[in-house]
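Heads up: the structure comes next, in structure tokens.
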Amino acid sequence: MRRRGTIRTGLTAIAACALLVLPQMAQAAPSEEEIAAAQAAEEAAKMSVAQIEVKLAEVNASAATAMQNAQIAGEDLNEATIALQEATVTANQASADADAAEAAFQEGKQQIASVAQAAYRNGGG
13 MRRRGTIRTG
23 LTAIAACALL
33 VLPQMAQAAP
43 SEEEIAAAQA
53 AEEAAKMSVA
63 QIEVKLAEVN
73 ASAATAMQNA
83 QIAGEDLNEA
93 TIALQEATVT
103 ANQASADADA
113 AEAAFQEGKQ
123 QIASVAQAAY
133 RNGGG
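Going by our numbering, the sequence shown opens with residue 13, and the numbers climb by one from there.
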């Protein structure tokens with residue numbers, strides 16, 4: 013009985029291997045049309061990769077140009093900020109000078125009024 017079990021197990025293993033191997037062996041070789049289609053698909057994929065590489069190079073060039081333009085704009089902004097600060101200092105100084113001139117004018121006007129009033133009181137002369 014033991015021998016029958018071993019034989020059955022062996023036959024079952026052989027049958028299982030045959031079921032796995034035979035379908036793979038039974039597949040037909042690809043036809044010329046299938047080979048041509050596969051080659052065309054490969055060429056299309058190569059073209060697609062080449063197009064992607066070209067597009068990537070274009071995008072990289074655009075990014076480099078944009079980065080350069082951003083740096084130039086940043087430098088322009090810094091120059092404009094410095095010019096604004098200098099103009100603000102100049103404007104503040106001009107405003108202070110104008111305030112001082114106005115105060116001096118008012119003081120001079122007051123002095124002239126005082127002199128004119130004193131001259132009037134003293135008989136005009």
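Just so it is clear, CB atoms sit at the ideal spot from N, CA and C, and this is done for glycine as well. Computed from a prediction, not measured in an experiment: that's the story for all the values here.
As assigned by DSSP and simplified to three states, the class of G135: In the sequence shown, the residue the question calls residue 135 occupies position 123. It is coil, neither helix nor strand.
Worksheet item: Helix, strand or coil: which one does DSSP assign to A49?
Response: Residue numbering aside, residue 49 sits at position 37 when the sequence shown is read from its first letter. Helix at A49.
Please state whether DSSP places A41 in a helix, a strand or coil. As a position in the sequence shown, residue 41 is number 29, starting the count at 1. Reduced to three states, the DSSP call for A41 is coil.
Between Q80 and E91, what straight-line distance do the alpha-carbon atoms span, to the nearest angstrom? The sequence position of residue 80 within the sequence shown is 68, counting from 1. The sequence position of residue 91 within the sequence shown is 79, counting from 1. Roughly 17 Å between the two C-alpha positions.
For E65 and E55, the rounded distance between their alpha carbons:
On the sequence shown, position 43 is the one that residue 55 refers to. On the sequence shown, position 53 is the one that residue 65 refers to. Approximately 15 Å between the Cα atoms of the pair.
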